[in-house]
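Numbering (my numbering), first residue to last: 34 to 429. Right, one structure below, let's go through it.
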Ligand SMILES: Cc1ncc(COP(=O)(O)O)c(C=O)c1O
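Dropping the structure here:
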């Protein structure tokens with residue numbers, strides 16, 4: 034019972050910030066991971082939408098290892114090739130003209146909040162620093178990103194939060210329009226709410242927010258930390274909706290498991306940051322940038338994205354059949370390979386049942402089973418995962 038040994042040791046010394054599964058993982062390969070006792074699991078969590086190319090991707094590993102042996106870190110006082118090439122690639126693939134690199138989703142959302150405030154201050158003067166955000170959103174755990182997060186349960190005990198956020202219901206354009214008064218500088222939204230339970234935007238919602246921002250001179254910020262980088266079958270989820278933001282944040286899958294975040298924006302908005310206004314010691318470091326560049330080139334191949342859409346459609350059809358079979362399923366929601374199965378009861382027992390039979394799943398909001406497999410998952414693996422899930426639904 035090596036796993037139990039690691040679990041006991043960790044529980045003595047690591048802070049208790051996570052509700053963890055009783056599993057100590059030591060190895061990964063593609064869609065599979067192994068625990069310290071040698072048991073194999075199909076991983077439909079993928080580090081919560083991080084390992085989009087699967088575990089231990091050989092090309093990403095090689096890119097990181099080669100760069101590790103060449104140059105690991107210099108200050109952002111200097112230019113480096115991997116960061117430059119990665120920024121060029123992100124600009125080529127997106128609406129953006131410029132990129133700022135950091136180390137996590139929360140950190141780039143902090144950057145986005147600062148950028149919106151400074152842009153507004155330069156353009157309109159003081160007092161216009163409020164950001165409209167949505168209930169049920171998730172933007173990270175640092176104080177600014179937490180304050181932007183529209184879920185009280187995460188705020189509890191950390192007040193006073195950063196002031197300057199107005200919350201409106203997701204998918205409610207009228208509420209957003211009512212909130213957009215003279216104090217507001219931006220609208221911040223996940224194109225698909227992830228942690229909030231895989232909630233999709235109505236067909237006209239993002240376009241409506243775009244119109245609102247254009248009419249009122251607000252910046253539209255998409256948090257694509259979870260939805261970005263192939264997860265939905267396009268490089269960025271907003272491409273499905275034909276809407277372009279002014280600012281976008283990425284993290285999670287950007288370096289396929291190494292920590293990296295990116296803040297992307299237009300030339301116009303980027304002017305708000307000048308030397309000295311924002312920085313990160315490790316942001317865009319050569320090793321992670323080299324890994325990310327390799328990952329991004331693989332993730333953005335049209336054939337790769339087409340495969341994600343095909344597999345996503347297969348998952349969707351299979352889940353629809355499951356829904357017809359099991360009344361415990363209230364709703365299925367998703368796009369590409371990002372799916373939520375809303376149950377009429379707590380999802381914990383389903384997650385536990387599946388783990389014991391070799392399938393890792395996540396549950397969010399208490400009753401939404403979230404499927405976020407690596408985008409490299411094959412049909413056999415999807416079928417195997419769905420079989421285990423079916424057995425779990427029979428059992429609960
Ligand atoms: C949409 C979204 N934004 C931000 C974050 C925070 O990212 P990180 O944990 O890298 O700070 C998350 C994490 O789940 C997320 O899903």
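All residues carry an ideal CB built from backbone N, CA and C; glycine is no exception.
Between residue 378 and residue 361, how many whole angstroms is the CB-CB distance? I'm expecting something under 8 Å. 6 Å
Work out the CA separation of residue 268 and residue 295 for me, nearest whole Å. 14 Å
Examine the Cβ distances between the region 200-207 and the region 161-173 and report whether three or more of them are shorter than 8 Å. yes
C-alpha distance - residue 302 paired with residue 143, whole-angstrom precision: 15 Å
Secondary structure at residue 271, three-state DSSP: helix, strand or coil? helix
Less than 9 Å between the C-beta atoms of residue 222 and residue 213, yes or no? no
What is the residue span of the beta strand (DSSP E) that residue 76 lies within? 73-76
Unbroken stretches of the beta strand (DSSP E), 3 residues or longer, contained in the region 288-376: 294-298, 362-368, 371-376
Work out the CA separation of residue 117 and residue 428 for me, nearest whole Å. 52 Å
According to DSSP, is residue 203 part of a helix, a strand, or is it coil? coil
Consider the Cβ of residue 280: report whether some Cβ of chain D lies at a distance smaller than 9 Å. Here there is only one protein chain, and chain D is not present.
Just reading off the alpha helix (DSSP H) that residue 246 is part of, what are its end residues? 238-249
Leaving aside the five residues before and after residue 41 along the sequence, list all residues of the same chain whose C-beta is less than 7 Å from its C-beta, in chain order. none
State yes or no: is the C-beta of residue 323 within less than 9 Å of the C-beta of residue 97? yes
Integer-rounded CB distance, given that residue 306 should sit under 8 Å from residue 281: The pair is not a contact, with the Cβ atoms about 15 Å apart (cut-off 8 Å).
From residue 401 to residue 351, what does the alpha carbon distance come to, in whole angstroms? 17 Å
Pull up the distance between the alpha-carbon of residue 156 and that of residue 217, whole angstroms please. 13 Å
Tell me the residue span of the alpha helix (DSSP H) that contains residue 40. 35-46
In the DSSP assignment, the alpha helix (DSSP H) including residue 424 goes from what residue to what residue? 412-428
So, with DSSP's three-state summary, where would you put residue 136? coil
For residue 60, which residues does DSSP report across the bridge? 67
Looking at the structure shown, is residue 195 part of a helix, part of a strand, or coil, going by DSSP? coil
What did DSSP end up calling residue 219 once you bin it into helix, strand or coil? strand
Contact defined as beta carbons within less than 8 Å: I believe residue 263 pairs with residue 171. What is the distance between those atoms, to the nearest angstrom? Not quite, the Cβ-Cβ distance comes to about 20 Å (not below 8 Å), so this is no contact.
Option in 278, 309, 288 with minimal Cα separation from residue 298: 278
Would DSSP call residue 188 helix, strand or coil? helix
Please determine, among 359, 358, 353, the residue with the shortest C-alpha to C-alpha distance to residue 365. 353
Residue 38, buried or exposed, once every other Cβ within 10 Å from all chains shown has been counted against 16: exposed
Provide the residue span of the alpha helix (DSSP H) that contains residue 403, from first to last. Residue 403 -> not in any alpha helix (DSSP H); beta strand (DSSP E) instead, spanning 401-404.
Would residue 329 and residue 192 be called neighbours here (beta carbons separated by less than 9 Å)? no
Quick check on residue 108: buried or exposed, where buried means 16 or more other Cβ atoms within 10 Å of its Cβ? exposed
Please confirm whether residue 285 and residue 318 have their CB atoms less than 9 Å apart. no
Do the region 68-78 and the region 404-413 make contact, defined as three or more Cβ pairs closer than 8 Å? yes
Once you ignore the five residues that flank residue 136 on each side, which residues in its own chain have a CB closer than 7 Å to its CB? 292, 293, 294, 313, 315, 316
Residue 177 to residue 304 span [Cα, whole Å]: 22 Å
For residue 138 and residue 332, the rounded distance between their alpha carbons: 19 Å
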